[in-house]
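Participant:
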Amino acid sequence: MTQVIHLNVDMVLLDLDLGTENGADLLDDLQTIGFEGKVILVTAGVHDRDVPGMIRKGIAGIFMKHNPPSLLVQGIRDAMKGAVLFEQDLLRRALEVSEAG
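Here it is as structure tokens:
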């Protein structure tokens, strides 16, 4: 994990489903080591209730795998300029869950 710092990485594309591990758990590790770059989670699906916590951990966005790769490329460019990458429906549902909880 510390290689992310030593290699001066600007962005991490992090798959949410890593088999035996959950990519969201690695967000804590990135915070612990002081990673200041951008993180975009790449996933086929995410629970609405998990999104607010991941946002608090500093992700730059969530890219859903059903979208075309061209959107990911544009999302990376936009995130590097400070924008966030979230599908509007996902963000709306996540905020509704967060407000209800």
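Heads up: the sequence shown begins at 2 in my numbering, then just goes up one per residue.
Don't be surprised by glycine CBs; every beta carbon is placed ideally from N, CA and C.
Hey, quick one: how far does the beta strand (DSSP E) through D18 stretch, first residue to last?
Facilitator: Along the sequence shown, read from residue 1 onward, the residue named residue 18 stands at position 17. Segment: none, D18 is in no beta strand (DSSP E) and carries neither H nor E.
Participant: Does the distance from the CB of P53 to the CB of A84 come in under 8 Å?
Facilitator: The residue you call residue 53 lines up with position 52 of the sequence shown. The residue you call residue 84 lines up with position 83 of the sequence shown. No, they are not a contact pair.
Participant: L96 bridges to which residues according to DSSP?
Facilitator: As a first step, residue 96 is located in the sequence shown; it is residue number 95 there, counting from the start. DSSP lists no partner for L96.
Participant: Span of the beta strand (DSSP E) holding G62?
Facilitator: Counted from its first residue, the sequence shown places residue 62 at position 61. It spans 62 to 65 - the beta strand (DSSP E) in which G62 sits, taken as one unbroken run.
Participant: Measuring alpha carbon to alpha carbon, tell me which of E100, G76, L8, M65 ends up nearest T44.
Facilitator: Locating residue 44 in the sequence shown gives position 43, where the first residue counts as 1. When only C-alpha atoms are compared, the closest one is M65.
Participant: Can you tell me which of G38, G46, Q75 puts its alpha carbon nearest to the alpha carbon of N23?
Facilitator: Looking up residue 23 in the sequence shown gives position 22. Per the Cα distances, G46.
Participant: Does the beta-carbon of K82 have 16 or more other beta-carbons within 10 angstroms, so that it is buried, or is it exposed?
Facilitator: What you label residue 82 is simply residue 81 of the sequence shown in a count that begins at 1. Answer is exposed; the Cβ neighbour count stays below 16.
Participant: Can you check which of these residues, L73, L42, H48, is closest to K58 by C-alpha distance?
Facilitator: As a working mapping, residue 58 is identified with position 57 in the sequence shown. Nearest C-alpha to K58: L42.
Participant: Do V10 and G38 have their CB atoms nearer than 8 Å?
Facilitator: The count along the sequence shown starts at 1 and reaches residue 10 at position 9. The count along the sequence shown starts at 1 and reaches residue 38 at position 37. In contact: V10 and G38 (Cβ atoms closer than 8 Å).
Participant: For T44, write down the residues that DSSP places opposite it in a beta bridge.
Facilitator: Start at 1 with the first residue of the sequence shown, and residue 44 comes out as number 43. According to DSSP, T44 bridges with M65.
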